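Notes to accompany the following structure.
Protein chains in written order, with the numbering used here: chain A, 1 to 254; chain B, 255 to 495.
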């Protein structure tokens, strides 16, 4: 089987080092986003976390620059050059210089329905073999989306890869725990283990039907669990039927 | 006639008493502020707006406010972290060797993150191979060790370290666990990994990591299936974007 060559990794490392050298230095001045404090005051923490100590307070009416955002924390810089982190709850009450409230465009549960892209990873079982799965989807409507799944199947007797493309229909997307139905087709590549009798690698078409549950966690995250009944259209006389379980998957939409 | 003479007398007496009084009222006012000076003021100001008819189009207040150019720049969200690492991997039965790899992380919240890593190392020779002098267990290409892992991490102990009096750097001690694959000895092996790490941020866009991982998988190289633990320790550098 083919392996990523040393050269590939060498190049990858080199590219990363290049990124580190020429990467994004301290915040560029032209990307400054100024806002007005509307809360009675905002506390600045030394780091992006609730435990970091408060070292500065900005009063209402002062103008500050948003340097960057990390998770739910915003790094702010005052006109006196003091730089610190403020939580999202305090940023909701800030204003744009025009007087409008600052739009944080948070993909929260309220606008969960309007999400379009989704991606995630899952772990599971493919007919007794371990399976690592990555998926990404695009929703045309609230209910219907198209989804691409890539699986790496690691078994005792054979290894394999599969790539499938299918439709996914979420019955009631506004429910927190929401069932869905999925149907699609794809391709599977199987490599029997070298310790067994030599047999050729196989490439077959695969079709599936399945269902699952998605559980909305918070903000942009959800958990997923899925079952698929796969039919492998082998070159032999009989097709092969396989149970595919994704026990637990983690997905986020954007 | 009698009446008109009396009336005239009364009027004269009235004029004589009131007219000097007018001068008395103005006595205290300075010479320059004669009302005559204001005669040139616009007429509209003096006459009130008509109650009926067309309302005046002139603005009540003329605001002298500078219109600011507002550019709605996107907030620079830095939840992703990309980096590289170098360290030592102990491959059970096959010596320890240098491991190097790349890491991509996505910070979900201040507490949790997801991490994808790919790494590569190379296995040495077993003691058996060295002692017996017989045929090698693995071919040269089978000694290549590559892995990938998808893990979730928890920043268990965020904090700061202090260097001297004036410097403080943000840090976090975190736990990581996940699943992945190891390609070694000519086969793919489903691998569970777990470990911990320590992250120091010299600036808010760069991080130095020290990580310790255990990579666990089944192997039946010598005919009998057994669980191996491959311990790994590495030092890495990453940037947030």
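All C-beta atoms in this analysis are idealised placements derived from N, C-alpha and C, irrespective of residue type, glycine included.
The structure presented is a predicted model; accordingly, all values stated were derived computationally and were not measured.
Just curious, the alpha helix (DSSP H) that residue 384 of chain B is in, first and last residue?
381-386
Cβ-based contacts, 8 Å cut-off: residues of the segment 147-160 of chain A near chain B
152, 154, 159
Which partner residues does residue 351 of chain B have in the DSSP bridge list?
B:343
For the alpha helix (DSSP H) containing residue 89 of chain A, name the first residue and the last one.
88-91
For residue 368 of chain B, which residues from the same chain have a beta carbon less than 8 Å from its beta carbon, with the 5 sequence-adjacent residues on both sides left out?
359, 360, 362, 404, 405, 406, 407
Can you say whether residue 483 of chain B is buried or exposed, counting buried as having 16 or more other CB atoms within 10 angstroms of its CB?
exposed
For residue 62 of chain A, three-class secondary structure by DSSP:
coil
For residue 383 of chain B, which residues in the same chain have their Cβ closer than 7 Å to its Cβ, ignoring the five residues on either side in sequence?
390, 391
Interface residues of the segment 117-131 of chain A facing chain B [CB-CB below 9 Å]:
121, 123, 129, 130, 131
Leaving out five residues on either side along the sequence, give the residues of the same chain with a beta carbon under 6 Å from the beta carbon of residue 190 of chain A.
158, 160, 202
Evaluate residue 173 of chain A with the Cβ neighbour count: other Cβ atoms within 10 Å of its Cβ, from every protein chain shown; 16 or more gives buried, anything less gives exposed.
buried
Please report how far the alpha carbon of residue 257 of chain A lies from the alpha carbon of residue 422 of chain B, in whole angstroms.
Missing from the structure shown is residue 257 of chain A; chain A here goes from 1 to 254 and no further.
Kindly give me the distance between the Cβ atoms of residue 225 of chain A and residue 246 of chain A, rounded to whole angstroms, as I take these residues to be in contact under 8 Å.
6 Å
I need the straight-line Cα distance from residue 436 of chain B to residue 445 of chain B, nearest angstrom please.
6 Å
Taking Cβ to Cβ, would you say residue 463 of chain B is nearer than 9 Å to residue 353 of chain B?
no
Against chain A, does residue 444 of chain B count as a neighbour if the rule is that its beta carbon must be under 9 Å from one of theirs?
yes
Nearest chain A C-beta to residue 421 of chain B closer than 9 Å, yes or no?
no
Amino acids of chain E, ordered along the chain, whose beta-carbon sits closer than 8 Å to that of residue 331 of chain B
Absent here is chain E; the protein component of the structure consists of chains A and B.
Cβ-based neighbour list, residue 123 of chain A, same chain, cut-off 8 Å, excluding 5 preceding and 5 following:
130, 131, 132, 133, 246, 247, 248, 249
Taking the C-alpha atoms as reference points, what is the distance between residue 68 of chain A and residue 456 of chain B?
16 Å
Using a Cβ cut-off of 9 Å (strictly closer), state whether residue 27 of chain A contacts chain B.
Residue placement at residue 27 of chain A is poorly supported in this model, since its pLDDT is 42, which falls under 50; the coordinates still yield a value, given next. Chain B contact via Cβ: present.
Can you give me, in chain order, the residues of the segment 43-66 of chain A that have a beta carbon less than 9 Å from any beta carbon in chain B?
46, 47, 48, 49, 50, 51, 52, 53, 66
If contacts are defined as beta-carbon pairs under 8 Å, then residue 162 of chain A and residue 154 of chain A qualify, I think. What distance do you get, rounded to the angstrom?
Not quite, the Cβ-Cβ distance comes to about 12 Å (not below 8 Å), so this is no contact.
Local conformation of residue 267 of chain B per DSSP, three classes:
helix
Cα separation between residue 45 of chain A and residue 243 of chain A?
51 Å
Name the two residues that bound the continuous beta strand (DSSP E) containing residue 178 of chain A.
177-192
C-alpha gap between residue 491 of chain B and residue 460 of chain B, whole angstroms
7 Å
Excluding the five sequence neighbours on either side, which residues of its own chain have a C-beta within less than 6 Å of the C-beta of residue 347 of chain B, listed in chain order?
380
If you follow the beta strand (DSSP E) that residue 413 of chain B is in, where does it begin and where does it stop?
398-417
Are any of the Cβ atoms in chain A nearer than 9 Å to that of residue 371 of chain B?
no
Residue-level contact to chain A via CB, residue 389 of chain B, 9 Å cutoff:
no
Would residue 412 of chain B be called buried (16 or more neighbouring beta carbons within 10 Å of its own) or exposed?
buried
Give the C-beta separation of residue 364 of chain B and residue 97 of chain A to the nearest angstrom, bearing in mind that I take them to be a contact with Cβ-Cβ under 8 Å.
Contact doesn't hold; Cβ gap of about 28 Å is too wide.
Residue 209 of chain A: which of A:216, A:222, A:145, A:185 sits nearest, CA to CA?
A:185
Among A:115, A:150, A:126, A:64, whose alpha-carbon lies nearest the alpha-carbon of residue 141 of chain A?
A:115
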